[in-house]
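*Asks:*
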Amino acid sequence: MLPTMNDFSSVRCTTMNTTVLFSVLLAGLLQSVSNKHSSLYATVGRLAKEAYSSRYHSVVQVYAVGIPDEAFGEWNAYGPMISLQDPYTIRWKLENAFVIVKMSMYLTLNVLSAILSHARDVEKVFLAVIIDSPPSHHTLKQLTGMLLKRGLLNYCILHTNTHGIEPSLLKYETIANHFQSHDLNTSIELLFPPFLRTLEGHKLNALLSDNYPYAYLLSSVWEGVDAYILTLARDRFRFEVQLINMAINRQNALHRMDLIRQRLENGTIDIHMPRAHVSRSYLNVDVAVAYEWEALVLVVPKSDQLNLTNIMLQPFTIEVWTIVLAYLLVRQMIKLFSFFKRRCNRFTLKKTLTCRWSFGSFGSLTTVGVELVSFLLIEAYLAKITEFLLYCRFRSDPQTLDEFFRSTIPVLIPEYMDPLVEALGPTVAANFHAKLIRPDEYAKRAASCCARIHTLPRAEYVVRMGKYFDATLGRKQLYILPEQLKIIPMSYLLGRNFAFKNSFELFLLGVHESGLIGRYVTAHRKDMAMMERNFFTKGWLTLADLLPLFVLVGAGWCCSFAAFLSEVFGVRFNRYWARKRVRPFVAE
Numbered sequence: 001m002l003p004t005m006n007d008f009s010s011v012r013c014t015t016m017n018t019t020v021l022f023s024v025l026l027a028g029l030l031q032s033v034s035n036k037h038s039s040l041y042a043t044v045g046r047l048a049k050e051a052y053s054s055r056y057h058s059v060v061q062v063y064a065v066g067i068p069d070e071a072f073g074e075w076n077a078y079g080p081m082i083s084l085q086d087p088y089t090i091r092w093k094l095e096n097a098f099v100i101v102k103m104s105m106y107l108t109l110n111v112l113s114a115i116l117s118h119a120r121d122v123e124k125v126f127l128a129v130i131i132d133s134p135p136s137h138h139t140l141k142q143l144t145g146m147l148l149k150r151g152l153l154n155y156c157i158l159h160t161n162t163h164g165i166e167p168s169l170l171k172y173e174t175i176a177n178h179f180q181s182h183d184l185n186t187s188i189e190l191l192f193p194p195f196l197r198t199l200e201g202h203k204l205n206a207l208l209s210d211n212y213p214y215a216y217l218l219s220s221v222w223e224g225v226d227a228y229i230l231t232l233a234r235d236r237f238r239f240e241v242q243l244i245n246m247a248i249n250r251q252n253a254l255h256r257m258d259l260i261r262q263r264l265e266n267g268t269i270d271i272h273m274p275r276a277h278v279s280r281s282y283l284n285v286d287v288a289v290a291y292e293w294e295a296l297v298l299v300v301p302k303s304d305q306l307n308l309t310n311i312m313l314q315p316f317t318i319e320v321w322t323i324v325l326a327y328l329l330v331r332q333m334i335k336l337f338s339f340f341k342r343r344c345n346r347f348t349l350k351k352t353l354t355c356r357w358s359f360g361s362f363g364s365l366t367t368v369g370v371e372l373v374s375f376l377l378i379e380a381y382l383a384k385i386t387e388f389l390l391y392c393r394f395r396s397d398p399q400t401l402d403e404f405f406r407s408t409i410p411v412l413i414p415e416y417m418d419p420l421v422e423a424l425g426p427t428v429a430a431n432f433h434a435k436l437i438r439p440d441e442y443a444k445r446a447a448s449c450c451a452r453i454h455t456l457p458r459a460e461y462v463v464r465m466g467k468y469f470d471a472t473l474g475r476k477q478l479y480i481l482p483e484q485l486k487i488i489p490m491s492y493l494l495g496r497n498f499a500f501k502n503s504f505e506l507f508l509l510g511v512h513e514s515g516l517i518g519r520y521v522t523a524h525r526k527d528m529a530m531m532e533r534n535f536f537t538k539g540w541l542t543l544a545d546l547l548p549l550f551v552l553v554g555a556g557w558c559c560s561f562a563a564f565l566s567e568v569f570g571v572r573f574n575r576y577w578a579r580k581r582v583r584p585f586v587a588e
């Protein structure tokens, strides 16, 4: 039976009804998706605007990556915004930014990782990721691992919901260690607190180098004020610390400094301890202020040239020597006049020069006073001479920078310290460069041949080191020049993936203001003084310590014996000469 026209009409109507129904459903679905995307864009736009307006988050630029230009309407309403489309590449530093990313088949995790590789000071970079469908557990794990590797912790995920029109907002909570759902109207301060509460699960790669008293190894345990600060930060933020030790000596110092800078720039290490003064060579390395300023001083080798001639004159001042010489001159003149009075009978001033000190109490008292003063002066002179022979038998050392620059003492200045020397001023820098010695040449010399630049705490330790103590002379070979070079700020070097710079600086400020560092430094100095008193002191006096005293006593005995011999031979010579002058008796 063939179909009639009515049958064709019913089939056509059925087909048209189905097409219309499909179109209506498709339009409704598109409208639903559009509403969801509009809600997502409105939420991230509000967050970007709040972050830009907030005084705690320091956002100065908003980036929209892979988002249509018409998504936000008027872009200026959300702050300065930059749109990045395919191929999603940037060639500038990403800092103080709020980044909005819409994931797609072209904008994958690898592309997002490449974009975030340009981030600097990641604690000031905020990320909002938009995903069309609810993300799987595997996707969230991959995203979290990638962002944690980059050190970025301030991020949230917005995705559509298959069970309803309202989208979802997820934020990774470091305390709970999982994603937590938030309301779309959550403020930026609640979503991204300005100060991190914890970093549990985060690993911090800390590079430590031996630099007493900031960080040093004692019985295979890191001690020092910076090691103490790192311990406090670990307990405060609850992160895991991976310690990396790097031995630095004068042979490899320059190479190790370059290696440290490279590892900080490529993100292999997160922080370098101990603190340091940052120069222009570390422009690509971020820093955290240590809130401490150190005095820069010069450690100078002591002179080993004997100064025996000046030592003989040093016990008395010019005034005392003038009085002593005047007294001796007057005394010799009186003796000379007395000699002439006895020997010269024709001396006309006999009665005038007659001295009657031996008659009367005044003469006796004056004689006793003169002898007493002479005795005290002689004893004081001998005591001072003994002290100077023990401690001051070498030429005086420079006490000011001008005196040091006039001396012939060279200065050890490695290449990495050139910017620091230039910061001391053109005159001082020129004088230092005139006396400059590099590490290659210094390695061929004795350890105490050159002056070197240190911070004051480091200089105090270097001066006390055992290798700079001369056992033969019984004294330290180095001393600290009293005149300081400069007061310099200290900082900690941070890697490119350091995740919590602001929080770390606030933590450092709180530690210093609470007095923890001051108490630690005081206790550390007391402990070191006790150790030096109980373990590092020399103990009993030995014969070697008394050698200068023996030399002085022997020299005195030799002088006394020489005077005795001269007197004996003088008397015998006078008697012999007197016998020769006696005329023989001739009888008349």
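So the sequence shown is numbered by the UniProt record's numbering: it starts at 1 and just counts up by one. Backbone N, C-alpha and C define an ideal beta-carbon position, used for all residues, glycine too.
1) Quick one: which unbroken beta strand (DSSP E) runs of 3-plus residues sit fully inside the stretch 31 to 71? Chain order, please.
2) Between the C-alpha atoms of R55 and E123, what's the straight-line distance to the nearest angstrom?
3) Buried or exposed: which applies to M103, given that a residue is buried once 16 or more other Cβ atoms fall within 10 Å of its Cβ?
4) From this set, Y212, I229, N266, which residue's C-alpha is nearest A247's C-alpha?
5) Indicate whether the contact test is met: 3 or more Cβ pairs, each with one atom in the stretch 112 to 120 and one in the stretch 483 to 495, closer than 8 Å.
6) Got a sec, what are the start and stop residues for the beta strand (DSSP E) K486 sits in?
7) In this structure, does DSSP put I318 in helix, strand or coil?
8) Enumerated in chain order, which unbroken segments of the beta strand (DSSP E) with a length of 3 residues or greater are wholly contained in the stretch 364 to 446?
9) CB-CB under 7 Å to L217, same chain, minus the five flanking residues each way: which ones, in chain order?
10) Can you grab the Cα-Cα spacing for the pair Y416 / G66, in whole Å?
11) Pull up the distance between the alpha-carbon of E460 and that of S560, whole angstroms please.
12) Could you tell me if L508 is buried or exposed, where buried requires 16 or more neighbouring beta carbons within 10 angstroms of its beta carbon?
13) Could you tell me whether the Cβ atoms of L158 and L40 are closer together than 7 Å?
14) Can you grab the Cα-Cα spacing for the pair L516 / T198, in whole Å?
15) What does the alpha-carbon distance come out to for the pair T367 and V330?
16) Under 7 Å between the Cβ atoms of D402 and K302?
17) Look at the Cβ atom of A288, then the Cβ atom of F504, and state whether they are nearer than 7 Å.
18) Which residue wins for smallest C-alpha separation from G151, given the options D235, H138, F239, I229?
19) At 3 residues or longer, and completely inside the stretch 226 to 283: list those beta strand (DSSP E) runs for me, N to C.
20) Can you have a look at R91 and say buried or exposed, based on whether 16 or more other CB atoms are within 10 angstroms of its CB?
21) Can you check whether the CB of L296 is closer than 7 Å to the CB of K486?
22) When burial is assigned at 16 or more other CB atoms within 10 Å of the CB, is G28 buried or exposed?
23) Would you call D270 buried or exposed, if buried means 16 or more other Cβ atoms sit within 10 Å of its Cβ?
24) Have a look at R236, N284, V241 and flag the residue whose alpha-carbon is nearest the alpha-carbon of D258.
25) Using the beta-carbon count (16 or more within 10 Å), is Y576 buried or exposed?
26) Note the first and the last residue of the continuous alpha helix (DSSP H) segment covering Q142.
27) Whole angstroms is fine: what's the gap from Y88's alpha carbon to P194's?
28) Spatial neighbours of I131 within its chain, please: C-beta separation below 6 Å, excluding the five flanking residues on both sides.
29) What first and last residue would you give for the alpha helix (DSSP H) that runs through C559?
30) Ordered along the chain, which non-local residues of its own chain (more than five positions away) have a Cβ less than 7 Å from that of L109?
31) Using DSSP with H/G/I as helix, E/B as strand and the rest coil, what is D210?
32) Three-state secondary structure (DSSP) at I90?
33) Cα-Cα, which of I413, L169, F179, Y479 is closest to N185?
34) Would you mind working out which of F339, L436, E483, I437 sits nearest T455, comparing C-alpha positions?
35) If you count every other CB in all the chains shown that lies within 10 Å of the CB of A562, and 16 or more means buried, which is it?
36) If contacts are defined as beta-carbon pairs under 8 Å, then A51 and I188 qualify, I think. What distance do you get, rounded to the angstrom?
*Replies:* With the structure as the only source:
1) Entirely contained in the stretch 31 to 71, the beta strand (DSSP E) runs reaching 3 residues are, in chain order, 61 to 65.
2) Rounded to whole angstroms, R55 and E123 show a C-alpha spacing of 15 Å.
3) With 16 or more other Cβ atoms within 10 Å, it is buried.
4) The option with the nearest alpha carbon to A247 is Y212.
5) The stretch 112 to 120, when compared against the stretch 483 to 495, does not touch it at the 8 Å Cβ threshold.
6) Run containing K486: 486 to 494, per the beta strand (DSSP E) assignment.
7) Here I318 sits in helix by DSSP.
8) Taking 3 residues as the minimum length, the stretch 364 to 446 contains no beta strand (DSSP E) run wholly inside it.
9) Counting only Cβ-Cβ distances below 7 Å, and skipping sequence neighbours, we find D210.
10) In a straight line, the C-alpha of Y416 is about 44 Å away from that of G66.
11) For E460 and S560, the distance between alpha carbons rounds to 46 Å.
12) L508 comes out buried.
13) Yes, these two residues count as a Cβ contact at 7 Å.
14) About 21 Å.
15) Cα to Cα, T367 sits roughly 14 Å from V330.
16) Against a cut-off of 7 Å, the Cβ pair of K302 and D402 comes out as no contact.
17) For the 7 Å CB-CB criterion, A288 and F504 form a contact.
18) The residue among D235, H138, F239, I229 with its C-alpha nearest the C-alpha of G151 is F239.
19) Whole beta strand (DSSP E) segments, 3+ residues: 240 to 245, 271 to 276.
20) Note on R91: under 16 other CB atoms within 10 angstroms of its CB, so exposed under the neighbour-count rule.
21) In contact: K486 and L296 (Cβ atoms closer than 7 Å).
22) Here the model assigns G28 a pLDDT of 43, short of 50, so the residue's position is not dependable, and the following value carries that caveat. Exposure of G28 is indicated by the presence of fewer than 16 other C-beta atoms within 10 angstroms of its C-beta.
23) With a threshold of 16 other beta carbon atoms within 10 Å, D270 meets it and is buried.
24) Considering only alpha carbons, the answer is N284.
25) By the neighbour-count rule (16 or more Cβ atoms within 10 Å), Y576 is not buried but exposed.
26) 137 to 150 is the extent of the alpha helix (DSSP H) around Q142.
27) For Y88 and P194, the distance between alpha carbons rounds to 29 Å.
28) Result list for I131: M103, H159, in chain order.
29) If you look at C559, you'll find it in the alpha helix (DSSP H) that goes 547 to 581.
30) The residues are Q142, L143, M146.
31) It is coil, neither helix nor strand.
32) Assigned with DSSP and collapsed to three states, I90 falls in coil, not helix or strand.
33) From the listed residues I413, L169, F179, Y479, the smallest Cα separation to N185 is found for L169.
34) Checked all of F339, L436, E483, I437; the closest Cα to T455 is E483.
35) A562 is classed as exposed because its beta carbon has fewer than 16 other beta carbons within 10 Å across all chains shown.
36) With a Cβ gap of about 5 Å, A51 and I188 count as contacting.
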